[in-house]
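Inspection log for the structure reproduced underneath, given as structure tokens.
Protein chains: 4
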Amino acid sequence: MSIVVIYGSTRPDGNTEQLTKYAIEGLEVEQIYLRDYKIEPIEDRRHSEGGFSDVGDDYNGIVERMMKHDTFIFATPIYWYSMTGTMKNFIDRWSHTMRDEKFPGFKDQLGTKKAYVIAVGGDNPHVKGLPLIQQFNYIFEFMSISFEGYVLGKASRPGDVSTDSRAHSAATAMNQKLKE
Amino acid sequence: MSIVVIYGSTRPDGNTEQLTKYAIEGLEVEQIYLRDYKIEPIEDRRHSEGGFSDVGDDYNGIVERMMKHDTFIFATPIYWYSMTGTMKNFIDRWSHTMRDEKFPGFKDQLGTKKAYVIAVGGDNPHVKGLPLIQQFNYIFEFMSISFEGYVLGKASRPGDVSTDSRAHSAATAMNQKLKE
Amino acid sequence: MSIVVIYGSTRPDGNTEQLTKYAIEGLEVEQIYLRDYKIEPIEDRRHSEGGFSDVGDDYNGIVERMMKHDTFIFATPIYWYSMTGTMKNFIDRWSHTMRDEKFPGFKDQLGTKKAYVIAVGGDNPHVKGLPLIQQFNYIFEFMSISFEGYVLGKASRPGDVSTDSRAHSAATAMNQKLKE
Amino acid sequence: MSIVVIYGSTRPDGNTEQLTKYAIEGLEVEQIYLRDYKIEPIEDRRHSEGGFSDVGDDYNGIVERMMKHDTFIFATPIYWYSMTGTMKNFIDRWSHTMRDEKFPGFKDQLGTKKAYVIAVGGDNPHVKGLPLIQQFNYIFEFMSISFEGYVLGKASRPGDVSTDSRAHSAATAMNQKLKE
Numbered sequence: 302m303s304i305v306v307i308y309g310s311t312r313p314d315g316n317t318e319q320l321t322k323y324a325i326e327g328l329e330v331e332q333i334y335l336r337d338y339k340i341e342p343i344e345d346r347r348h349s350e351g352g353f354s355d356v357g358d359d360y361n362g363i364v365e366r367m368m369k370h371d372t373f374i375f376a377t378p379i380y381w382y383s384m385t386g387t388m389k390n391f392i393d394r395w396s397h398t399m400r401d402e403k404f405p406g407f408k409d410q411l412g413t414k415k416a417y418v419i420a421v422g423g424d425n426p427h428v429k430g431l432p433l434i435q436q437f438n439y440i441f442e443f444m445s446i447s448f449e450g451y452v453l454g455k456a457s458r459p460g461d462v463s464t465d466s467r468a469h470s471a472a473t474a475m476n477q478k479l480k481e
Numbered sequence: 302m303s304i305v306v307i308y309g310s311t312r313p314d315g316n317t318e319q320l321t322k323y324a325i326e327g328l329e330v331e332q333i334y335l336r337d338y339k340i341e342p343i344e345d346r347r348h349s350e351g352g353f354s355d356v357g358d359d360y361n362g363i364v365e366r367m368m369k370h371d372t373f374i375f376a377t378p379i380y381w382y383s384m385t386g387t388m389k390n391f392i393d394r395w396s397h398t399m400r401d402e403k404f405p406g407f408k409d410q411l412g413t414k415k416a417y418v419i420a421v422g423g424d425n426p427h428v429k430g431l432p433l434i435q436q437f438n439y440i441f442e443f444m445s446i447s448f449e450g451y452v453l454g455k456a457s458r459p460g461d462v463s464t465d466s467r468a469h470s471a472a473t474a475m476n477q478k479l480k481e
Numbered sequence: 302m303s304i305v306v307i308y309g310s311t312r313p314d315g316n317t318e319q320l321t322k323y324a325i326e327g328l329e330v331e332q333i334y335l336r337d338y339k340i341e342p343i344e345d346r347r348h349s350e351g352g353f354s355d356v357g358d359d360y361n362g363i364v365e366r367m368m369k370h371d372t373f374i375f376a377t378p379i380y381w382y383s384m385t386g387t388m389k390n391f392i393d394r395w396s397h398t399m400r401d402e403k404f405p406g407f408k409d410q411l412g413t414k415k416a417y418v419i420a421v422g423g424d425n426p427h428v429k430g431l432p433l434i435q436q437f438n439y440i441f442e443f444m445s446i447s448f449e450g451y452v453l454g455k456a457s458r459p460g461d462v463s464t465d466s467r468a469h470s471a472a473t474a475m476n477q478k479l480k481e
Numbered sequence: 302m303s304i305v306v307i308y309g310s311t312r313p314d315g316n317t318e319q320l321t322k323y324a325i326e327g328l329e330v331e332q333i334y335l336r337d338y339k340i341e342p343i344e345d346r347r348h349s350e351g352g353f354s355d356v357g358d359d360y361n362g363i364v365e366r367m368m369k370h371d372t373f374i375f376a377t378p379i380y381w382y383s384m385t386g387t388m389k390n391f392i393d394r395w396s397h398t399m400r401d402e403k404f405p406g407f408k409d410q411l412g413t414k415k416a417y418v419i420a421v422g423g424d425n426p427h428v429k430g431l432p433l434i435q436q437f438n439y440i441f442e443f444m445s446i447s448f449e450g451y452v453l454g455k456a457s458r459p460g461d462v463s464t465d466s467r468a469h470s471a472a473t474a475m476n477q478k479l480k481e
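Chains as they are written, first to last, in my numbering: chain A, 302 to 481; chain B, 302 to 481; chain C, 302 to 481; chain D, 302 to 481.
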């Protein structure tokens, strides 16, 4: 198994990264911090003459790195009850990649992948983060990605997540599953 | 009553705009197309020394225009079961504005506003769009904005939404309520 | 098309029935008021020796009447953010019927049916009723029933629902679709 | 702290009870198996002359026992993506109790309680059980009960839940929290 973590956080060493550390402890993983790259919002050209055209930002390179792995972990802080705009821009662009001849079979290949979600928020995430989990589930269903599990964590200030014992134990269970 | 529509679409004259037309017919509204502006993703600096700093993009100007109105309509295509990254970046930035001395009382003022949501998607939006509605509800609750109503529409190809009679009648009912 | 309405209400002439009237106006429908019948809670005997045994209440007769129709409308007040216990007991029993030799092909036959949901609640049903809609969607998906639409209405005191213009227009749109 | 478990299961020694055992291990708890009692569906008489009248079944006795404790665990199999009809009938009756002079201050007293939910289902409960969690959250919010945590477990055949490591670790974390 080969694992990539896609981070949607916009500041380093935050609670999302800390919670993810529990989940990937002892595992070799590639880590991609989306905030380090330039990713433009998608422009919907599905119905335009000529279709999509190359954007020329860092997006394609990230997809190439991601697709080398068979297990994806999407780790995002919960901003306004959803994934960060940074991560949303990344996922929105999949609509282009699905139609991009540079990535033939993109959707078919995704159908062989496994995915996990780690999401950390400050306002009752164990309940108010559930719509985000439902959305990830729909995304994975659409792409036939197998949704293997998720961890929600509660944290506001730096370091807070270490006090969410529920999140800690769920991340540890995820770690064990990833090691199987 | 003074109405502003915030559009999250990334292409002009799409189904979201068409459905919104039914909702605002006969009303004077200001329309803001987020795709016409440069809006950077937020960088979370809530816990950084010095806090947030000016970004210098078009975001502040849009907030100023929005806040002149007492009724907001958030109109977005559903990309991957959620609002577009373009609209998400706009809303993520509210976390800065809440702490921005250029916008004193931002949250208090939002607490006097009314909001509507219009969202159009291709993959069973009347069910798979519900997590998005729940998220908007949480956002509005957090800001004490009164959530007055929403319309979900189904459309994939340009013009499709005109065949969703449920959406059409809901948009017409919204129009009547907006005129009261 | 042949339509049956299954009512979960526990008092006559309530808001749920009133809203349903808009939806079925001018249509010939069979109406089943579950409160008029004795329906025991299911006893899960899927894994018991001998399996399920006959209960001898009114349930089977209701299923027979329901299955003669090709379009089902489930009309329920929202009690505690979900369908009434009266309606839940009815649906729980489907787990027996699926395994009941008196109803061979029950699930296959359901796969040819269409369903609508009408649900009326007092506490912000347009948002807090959404989990119920998601559950009906899962039920219908499991049975391959086609989920054609739903109406949520807001009402607390008798007659209240007539002031929910959104619900009224949605019920009218449902009525038009049922007449197609 | 004094704990009561309310079981909604309809067969003994099922997966829900087994998962609950992990959560209450080493704790003294009162256990109430709703299936052992006669609980009629509510008849909504909020708007009837004379209001609600005594039902004469086992419901009131169960409420009395429940209210002696300060922490409630609602443990239910997931039937059709929701709590069992057996448990739903019990909760529906709260609408009567809130207006029952035999239970003065019922709602106020609930506002001092803590609650947990344990729910076990066979069809992707970690995702399809989320609407049920949202509904419990709304119920607890309405009553000002503090929602302390939940565990979802996956199981179809007897004993299955022991293989859901995620559920096991979450139940263990709940156990630790209950012991604090």
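Just so it is clear, CB atoms sit at the ideal spot from N, CA and C, and this is done for glycine as well.
Does the Cβ of H397 of chain D have 16 or more other Cβ atoms within 10 Å, making it buried, or fewer, making it exposed? buried
Among the candidates A:S303, A:T321, A:P313, whose CA atom is the shortest distance from the CA of S470 of chain A? A:T321
Please say whether W381 of chain D and D393 of chain C have beta carbons closer to each other than 8 Å? yes
For the segment 426-449 of chain B, which residues have a beta carbon sitting closer than 8 Å to at least one beta carbon of chain C? H427, V428, L431, I434, Q435, N438, F448
Chain A partners of T473 of chain D, CB-CB under 7 Å? S470
If we ignore side chains and look at the alpha-carbon of each, how far apart do S303 of chain B and S310 of chain A end up? 36 Å
Same chain only: Cβ atoms within 7 Å of Y338 of chain B, ignoring 5 sequence neighbours per side: D359, I363
Host alpha helix (DSSP H) of I307 of chain C (start-end): Here I307 of chain C belongs to no alpha helix (DSSP H); instead the beta strand (DSSP E) covers 304-308.
What three-state label does DSSP hand I333 of chain D in the structure shown? strand
Would you grab the beta carbon distance between R366 of chain D and V306 of chain D for me? Rounded to a whole angstrom, and I think it's under 8 Å. Not confirmed; about 11 Å, so no contact.
Would you kindly report the start and end of the unbroken beta strand (DSSP E) that includes I374 of chain C? 372-378
Assuming G454 of chain D is part of the beta strand (DSSP E), what are its boundary residues? 447-455
H348 of chain A: buried (16+ other C-beta within 10 angstroms of its C-beta) or exposed? exposed
Below 6 Å CB to CB, which residues in the same chain sit around A376 of chain C once its five sequence neighbours on both sides are set aside? V306, Y308, T317, T321, I419
Using Cβ-Cβ distances below 9 Å, what residues of the segment 373-396 of chain C are close to chain D? P378, Y380, W381, Y382, S383, M384, T385, G386, T387, M388, K389, N390, F391, I392, D393, R394, W395, S396
Could you run through the segment 323-351 of chain A and flag, in chain order, every residue whose CB is less than 8 Å away from some CB of chain B? R336, P342, I343, E344, D345, R346, H348, S349
Whose C-beta lies closer than 6 Å to the C-beta of A472 of chain A among residues of the same chain, with five residues either side of it excluded? L320, Y323, A324, V452
Would you list the residues sitting across from Y417 of chain B in a DSSP beta bridge? B:I374, B:G450
With a CB to CB cut of under 8 Å and the five nearest residues on each side skipped, what residues in its chain are close to G327 of chain D? N476, K480
is_contact[E466 of chain C, chain B] using C-beta, thresh 8 Å: Reading off the sequence shown, one finds Ser at residue 466 of chain C, where the question assumed Glu. Yes, S466 of chain C counts as interfacial toward chain B.
On the three-state DSSP scale, how would you describe S383 of chain C? strand
Hey, does P405 of chain D have any beta-carbon neighbour from chain C nearer than 8 Å? no
Among B:N425, B:I446, B:Q436, which residue has its Cα nearest to the Cα of F407 of chain B? B:I446
In the structure shown, what three-state DSSP assignment does G351 of chain C receive? coil
Determine the chain C residues that contact Q477 of chain B at a beta-carbon separation under 7 Å, and present them in chain order. S466
Can you tell which of C:Y417, C:S463, C:P342, C:K414 has the C-alpha that lies nearest to the C-alpha of M388 of chain C? C:P342
Specify, as a first and last residue, the run of the alpha helix (DSSP H) that E318 of chain B falls within. 316-325
How would you call T464 of chain B, buried or exposed, if buried means at least 16 neighbouring beta carbons within 10 angstroms? exposed
Beta-carbon within less than 8 Å of G386 of chain B's beta-carbon, same chain only, minus the 5 sequence neighbours each way: which residues are those? Y380
Exposed or buried, which one is R467 of chain B when buried takes at least 16 other CB atoms within 10 Å? buried
List the residues of chain C whose Cβ lies closer than 7 Å to the Cβ of T321 of chain D, in chain order. Those do not exist, as T321 of chain D stays about 16 Å from chain C at its closest Cβ, beyond 7 Å.
Quick one, are the C-beta atoms of F373 of chain B and K403 of chain B less than 8 Å apart? no
Which residues, in chain order, does the segment 305-316 of chain D contribute to contact with chain C at a C-beta distance below 7 Å? T311, R312
Mind listing the chain B neighbours of D424 of chain A? Cutoff is C-beta to C-beta under 8 Å, in chain order. Y439, F443
What does R458 of chain B touch in chain A if you count any residue whose Cβ is under 8 Å from its own? H348
Member of D:N438, D:V421, D:Q435, D:Y439 whose CA lies at the smallest distance from the CA of R458 of chain D: D:V421
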